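Q:
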Amino acid sequence: INPGNSGGALTNSQGALIGINAAIYSRSGGSLGIGFAIPVTFARDVMEQIIRTGRVTRGWIGVEIQDLTTELAQSLGLASTQGVLISGVMRGGPADKGGIQPGDVITVIEDQPIDDPQRLLEVVAALAPSKTGRFTIRRGGEALELTVKIGRRPSLPQPE
Numbered sequence: 792i793n794p795g796n797s798g799g800a801l802t803n804s805q806g807a808l809i810g811i812n813a814a815i816y817s818r819s820g821g822s823l824g825i826g827f828a829i830p831v832t833f834a835r836d837v838m839e840q841i842i843r844t845g846r847v848t849r850g851w852i853g854v855e856i857q858d859l860t861t862e863l864a865q866s867l868g869l870a871s872t873q874g875v876l877i878s879g880v881m882r883g884g885p886a887d888k889g890g891i892q893p894g895d896v897i898t899v900i901e902d903q904p905i906d907d908p909q910r911l912l913e914v915v916a917a918l919a920p921s922k923t924g925r926f927t928i929r930r931g932g933e934a935l936e937l938t939v940k941i942g943r944r945p946s947l948p949q950p951e
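Numbering (this note's numbering), first residue to last: 792 to 951.
1) If you draw a straight line from the C-alpha of K1039 to the C-alpha of K940, how long is it?
2) Relative to the C-alpha of V875, which candidate in I905, T848 and A886 has its C-alpha closest?
3) Quick check on the DSSP output: the alpha helix (DSSP H) that includes G889 runs from which residue to which?
4) Curious, which full-length beta strand (DSSP E) runs of at least 3 residues does the segment 852-917 contain?
5) So, helix, strand or coil for I928, using DSSP?
6) Hey, is the segment 841-849 in contact with the segment 873-891, meaning 3+ C-beta pairs nearer than 8 Å?
7) So, for Q932: in the same chain, excluding its five sequence neighbours on each side, which residues have a beta-carbon less than 7 Å away from its beta-carbon?
8) For the alpha helix (DSSP H) containing I841, name the first residue and the last one.
9) May I ask you to list the residues that DSSP assigns as paired with T923?
10) Provide the residue(s) that pair with L935 in DSSP beta bridges, ordered along the chain.
11) Please classify T832: is it buried, with 16 or more other beta-carbons within 10 angstroms of its beta-carbon, or exposed?
12) Along the chain, where does the beta strand (DSSP E) containing L801 start, and where does it finish?
13) What three-state label does DSSP hand L823 in the structure shown?
14) What residues in its chain sit with their C-beta under 7 Å from that of P920, if we drop five residues either side in the sequence?
15) Please determine, among Y816, S946 and R925, the residue with the shortest C-alpha to C-alpha distance to T938.
Here's what the structure looks like:
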């Protein structure tokens, strides 16, 4: 990604659009380094929402999450590191109302395996607010199915 190319098309070798160039990490400040792009599916979803409603809306459940390391899995008595550990739940938020508790491990949302915190954020963000989502969790050695009514991700405070 050369300076000034952020926002430009990222194509594969066949010329198909696969992303939008977003940033580059470079020790020298030049165009050599690691480039970052927004996947085209994500950009298309944002574009369609803006055209349809004039804004972008993301799903939210109100949890603090962390990666389920081997050490954490062992300390929780889990045989696998598949899933994401819930380290906190916002009181009165969607996850709390749906029965998710600190210490739970979310393994599946809407039939989509959850392998790491980023995947959980992506899957939840893609769910429409007010939709009821199916969550598979592990709690105390047993698998549970919960339904959570997805909330609207709160807006960040705007600078004055």
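Backbone N, C-alpha and C fix where the C-beta goes; we use that ideal spot for every residue, glycine too.
These numbers come from a predicted model, not from an experiment.
A: Per the coordinate set shown:
1) Here the chain has residues from 792 to 951 only, and residue 1039 is not among them.
2) I905
3) P885 to G889
4) 854-858, 875-880 and 896-900
5) strand
6) no
7) It should be pointed out that residue 932 corresponds to Gly in this sequence rather than to Gln. Around G932: G868.
8) V831 to T844 is the span of the alpha helix (DSSP H), which, as asked, contains I841.
9) K940
10) I928
11) exposed
12) A800 to T802
13) coil
14) T848, G850, I941, G942 and R943
15) R925
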